[in-house]
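Q:
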Amino acid sequence: MSFTPPPPFTTRPQLRGTFGMVAATHTTAAAVAQAVLERGGNAFDAACAGGFTLHIAEPHLNGPGGDLVGLFHAAGADEPTVLMGQGPAPAAATIDHFRAEGLDLVPGAGALAAAIPGAVDAWLILLRDHGTWELSDVLAYAIGYARDGHPLLPQAAATIGRVADLFRESWPTSADLWLVDGAAPAAGALHRNPAYAAVLERLVAAGDGAASRAERIQAARREWSTGFVARTASAFAAVPHRHSTGGDHAGVIDEADFAGFEAGYERPLRARFRGCTVFKAGGWTQGPALLEALRILDPLEDALLDPATPDGAHTIIEALKLVLADRDAHFGDGAQVEWLLTDSATDARRRELGDAASAQWRPATAPDGSTWQPPLRRPDGTVVPGTGEPTVAKSGETRGDTCQIDVVDRWGNIVAVTPSGGWLQSSPTIPELGFCLGTRLQVAWLDPASPSALAPGRRPRTTLSPTLIHDGDTTIALGTPGGDQQDQWQLPMIVRMLAGGYSAQEAIDAPTLHTTAMVDSFWPRTWTPAGAVVEDRIGADVVDGLRSRGHDVVLAGEWALGRLCAVGRDRATGAVWAAANPRGMQSYAAGR
10 MSFTPPPPFT TRPQLRGTFG MVAATHTTAA AVAQAVLERG GNAFDAACAG GFTLHIAEPH
70 LNGPGGDLVG LFHAAGADEP TVLMGQGPAP AAATIDHFRA EGLDLVPGAG ALAAAIPGAV
130 DAWLILLRDH GTWELSDVLA YAIGYARDGH PLLPQAAATI GRVADLFRES WPTSADLWLV
190 DGAAPAAGAL HRNPAYAAVL ERLVAAGDGA ASRAERIQAA RREWSTGFVA RTASAFAAVP
250 HRHSTGGDHA GVIDEADFAG FEAGYERPLR ARFRGCTVFK AGGWTQGPAL LEALRILDPL
310 EDALLDPATP DGAHTIIEAL KLVLADRDAH FGDGAQVEWL LTDSATDARR RELGDAASAQ
370 WRPATAPDGS TWQPPLRRPD GTVVPGTGEP TVAKSGETRG DTCQIDVVDR WGNIVAVTPS
430 GGWLQSSPTI PELGFCLGTR LQVAWLDPAS PSALAPGRRP RTTLSPTLIH DGDTTIALGT
490 PGGDQQDQWQ LPMIVRMLAG GYSAQEAIDA PTLHTTAMVD SFWPRTWTPA GAVVEDRIGA
550 DVVDGLRSRG HDVVLAGEWA LGRLCAVGRD RATGAVWAAA NPRGMQSYAA GR
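Going by the working numbering, the first residue of the sequence shown is number 10, and it counts up by one from there.
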């Protein structure tokens with residue numbers, strides 16, 4: 010049986026050229042990044058300019074108070090590198106403190122859930138070490154949009170509408186920035202954020218008089234971590250305010266936390282699939298789960314990998330359940346997860362794939378005999394398929410979402426970055442800064458036995474998970490928003506490309522699926538045994554086949570799952586390409 014061929018029609022062309030390519034979850038970010046390439050900047054200059062623009066273009070999906078994970082391969086480098094932009098828990102963020110506040114989970118909204126912001130510092134070190142442009146030129150685009158205005162996405166306006174009561178009643182500084190005469194703004198309304206524009210101008214001004222480009226960027230980093238931003242954010246967070254739990258709490262982050270954090274670089278983990286090498290960040294992300302899934306699936310026949318068939322959809326879902334259980338039992342900052350990628354471990358997990366849907370939470374047992382089990386909380390019956398935007402209650406509860414930007418240039422540099430956190434609904438807006446702190450600590454557990462337990466200085470195990478793939482002479486960079494679904498949506502795309510021969514655009518357009526039979530990374534952290542979510546276009550035969558095997562199938566809609574973006578380069582010819590997701594009607598690729 011051959012792999013189901015792609016349909017002859019794609020929603021947009023896969024762009025091809027030789028100069029440079031960008032794919033991003035917002036059209037403006039893609040346009041800004043391509044403009045930088047056209048003006049002689051490299052992929053890192055372009056990604057940074059586009060990344061800061063995403064703070065304004067998709068404020069409900071990322072912000073300066075958030076975090077990021079990147080993967081890049083610089084031209085001439087021996088291997089890819091991880092860009093680490095995930096800040097750790099503040100010094101006072103202890104389990105005992107949260108328990109004393111009457112909490113059994115880290116809240117999903119409010120400054121008590123704030124990790125130290127890592128995104129801005131990560132963008133700055135990437136620009137310093139691998140870019141060529143001055144910071145003033147890179148930030149000019151974001152400063153212009155923040156000061157002069159940018160049209161609000163329909164999803165952003167809808168998110169503001171869902172938390173408007175919270176803003177009016179409990180977060181007045183957020184109401185001042187995001188509401189218009191006390192009401193949610195209309196989709197497409199021009200939104201200005203002069204306070205954030207002023208913050209970016211402060212970063213640029215900090216380097217006045219410095220002798221070199223690198224020193225000017227270093228001055229901006231110091232201004233961010235020890236200057237006005239750190240002082241103002243810490244003082245504001247210390248004032249008690251409403252959290253997603255319904256109670257009022259004060260944040261614990263302080264100036265010393267800001268000053269003590271630096272973004273940095275790490276070596277990636279890797280795995281082979283169908284002759285290609287796939288690279289991911291380490292066990293402080295969920296990325297190794299994708300590597301484990303690919304290793305489990307690699308020896309299987311194509312008929313068991315094709316998401317467009319009942320057998321393939323079932324196999325992929327069951328493999329995802331196994332690796333996500335391993336994620337929750339074993340992943341965390343400092344955890345050594347390489348054993349999960351060994352032949353013995355993946356062979357054993359492959360043998361656990363059955364003909365029927367499992368309703369059990371089944372992690373592997375670590376070599377030392379340990380396996381931590383999180384609480385398995387059932388949802389209240391409300392099923393949210395996942396539409397590419399965060400699900401937000403009036404309390405500020407959010408299941409999380411993010412952005413993506415991928416860039417490749419004519420010199421051979423390629424980068425994929427997934428920025429997130431600091432959503433406008435995360436916690437109250439800091440009025441002098443024009444943004445709020447993030448809530449990534451909600452991924453940490455208040456159980457010291459957990460490998461991702463809350464602890465001062467420990468990074469929360471993030472869902473952010475971009476991917477690089479080496480395929481002979483081809484290098485591919487890709488990623489998607491989606492919280493717990495990020496690697497789940499990447500898996501069918503990668504399988505379709507590397508096993509099914511699809512182009513990136515064909516694989517992005519194809520109907521996809523994911524499981525909810527895993528412990529949600531976001532508050533209130535529920536688990537749905539045998540849950541499977543599929544796009545209606547996947548076909549009645551697949552849906553019926555899954556249900557006959559015991560999957561609890563939810564139909565998400567025709568075009569609902571995933572916001573995948575990708576770029577690639579053939580090193581032998583110098584040809585470049587880009588592809589972007591049609592769902593949500595805001596992701597775009599650009600290039601020539």
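Glycine included, every Cβ here is placed at the ideal spot set by N, Cα and C.
Being a predicted model, the structure only gives us computed values, none of them experimental.
Report yes or no: do three or more beta-carbon pairs, one from the region 94 to 114 and one from the region 502 to 519, lie closer than 8 Å?
A: The region 94 to 114 is not in contact with the region 502 to 519.
Q: Count Cβ pairs between the region 212 to 231 and the region 132 to 139 that sit closer than 8 Å; are there 3 or more?
A: A contact exists between the region 212 to 231 and the region 132 to 139.
Q: With a threshold of 16 other CB atoms inside 10 Å of the CB of Thr-20, please say whether the residue is buried or exposed.
A: Thr-20 should be labelled exposed.
Q: Flag this pair as yes or no: are the beta carbons of Leu-349 and Asp-335 separated by less than 7 Å?
A: Yes, Cβ-Cβ distance for Leu-349 and Asp-335 is below 7 Å.
Q: To the nearest angstrom, how far is the alpha carbon of Val-563 from that of His-35?
A: Roughly 28 Å between the two C-alpha positions.
Q: Determine the direct distance from the alpha carbon of Ile-414 to that of Pro-399, and round the result to whole angstroms.
A: Confidence in Pro-399 is poor, its pLDDT being 42 and thus under 50, which makes the residue's placement unreliable; the coordinate value appears in the next sentence. Those two C-alpha atoms are separated by around 18 Å.
Q: Residues in its own chain within less than 6 Å of Thr-182 by CB, not counting five upstream and five downstream?
A: Closer than 6 Å at the Cβ level, and outside the excluded window around Thr-182, lie Pro-437, Thr-438, Pro-440.
Q: Secondary structure at Gly-405, three-state DSSP: helix, strand or coil?
A: Its pLDDT being 38, under 50, Gly-405 is placed unreliably by the model, and the measurement read from it follows with that caveat. Note: Gly-405 maps to coil in three-state DSSP.
Q: Given Ala-219, which residues of its chain have a CB within under 6 Å of its CB, disregarding the five upstream and five downstream residues?
A: Result list for Ala-219: Arg-225, Ala-228, in chain order.
Q: With DSSP as the reference, identify every bridge partner of Gly-600, one or two as the case may be.
A: Bridge partners of Gly-600: Met-30.
Q: Excluding sequence positions up to five away, which residues of its chain have a Cβ less than 8 Å from the Cβ of Ala-663?
A: Here the chain comprises residues numbered 10 to 601, so residue 663 is not present and cannot be evaluated.
Q: At which residues does the alpha helix (DSSP H) containing Phe-267 begin and terminate?
A: Here the alpha helix (DSSP H) through Phe-267 covers 264 to 269.
Q: Alpha carbon to alpha carbon, how far is Glu-327 from His-523?
A: C-alpha separation (whole angstroms): 10 Å.
Q: Count the other C-beta atoms from every protein chain shown that fall within 10 angstroms of the C-beta of Ala-588, then say buried if there are 16 or more, exposed otherwise.
A: Counting Cβ neighbours within 10 Å, Ala-588 comes out buried, since at least 16 surround it.
Q: Around the Cβ of Gln-495, are there at least 16 other Cβ atoms within 10 angstroms (buried) or fewer (exposed)?
A: Per the 10 Å Cβ criterion, buried.
Q: Can the beta-carbon of Pro-388 be found closer than 7 Å to that of Thr-535?
A: In contact: Pro-388 and Thr-535 (Cβ atoms closer than 7 Å).
Q: Check Ala-204 in the structure and name its three-state DSSP category.
A: DSSP places Ala-204 in helix when its eight states are reduced to three.
Q: Please list, in chain order, all residues of the same chain as Gln-382 whose beta carbon is under 8 Å from its beta carbon, the five residues on each side excluded.
A: Closer than 8 Å at the Cβ level, and outside the excluded window around Gln-382, lie Ala-338, Trp-370, Pro-372.
Q: Starting from the C-beta of Leu-70, find all residues in its chain whose C-beta is less than 6 Å away, skip the five residues before and the five after it, and write them out in chain order.
A: Excluding residues within five positions, the ones whose Cβ falls inside 6 Å are Asp-410, Thr-411, Cys-412.
Q: According to DSSP, is Cys-604 part of a helix, a strand, or is it coil?
A: An answer regarding residue 604 cannot be provided, because it is not within the stretch 10 to 601 covered by the chain.
Q: How close, in whole Å, do the beta carbons of Gly-341 and Arg-449 come, if the pair is a contact with beta carbons under 8 Å?
A: About 13 Å separates the two Cβ atoms, so there is no contact after all.
Q: Using the three-state DSSP reduction, which class does Asp-174 fall into: helix, strand or coil?
A: Three-state DSSP puts Asp-174 in a helix.
Q: What do you reckon, are the CB atoms on Gly-509 and Gly-74 nearer than 7 Å?
A: In this structure, Gly-74 does not lie closer than 7 Å to Gly-509 by Cβ.
Q: Opposite His-258 in the DSSP bridges: which residues?
A: Beta-bridge pairing links His-258 to His-250.
Q: CB Pro-160 to CB Ile-125, shorter than 7 Å?
A: Going by C-beta atoms, Pro-160 is not nearer than 7 Å to Ile-125.
Q: The beta strand (DSSP E) spanning Arg-279 covers which residue range?
A: 278 to 282 is the span of the beta strand (DSSP E), which, as asked, contains Arg-279.
Q: Mind pulling the beta strand (DSSP E) runs of 3 or more residues that sit fully within the region 452 to 506?
A: Listed in chain order, the complete beta strand (DSSP E) runs (minimum 3 residues) inside the region 452 to 506 are 476 to 480, 483 to 488.
Q: Excluding five sequence neighbours on each side, which residues of the same chain lie with their C-beta closer than 6 Å to the C-beta of Gly-29?
A: So the list reads Leu-46, Asp-418, Arg-419, Gly-600, once near-sequence residues are dropped.
Q: Are Asp-561 and Cys-285 close, meaning C-beta to C-beta below 7 Å?
A: Not a contact, by the Cβ cut-off of 7 Å.
Q: State yes or no: is the C-beta of Gly-119 within less than 7 Å of the C-beta of His-252?
A: Yes.
Q: Measure the C-alpha to C-alpha separation of Ala-344 and Ser-459 and round it to an integer number of angstroms.
A: Straight-line Cα distance between these residues: approximately 11 Å.
Q: Check the DSSP bridge columns for Thr-324 and list the partner residues they point to.
A: In the DSSP output, where bridge partners are listed per residue, Thr-324 has none listed.
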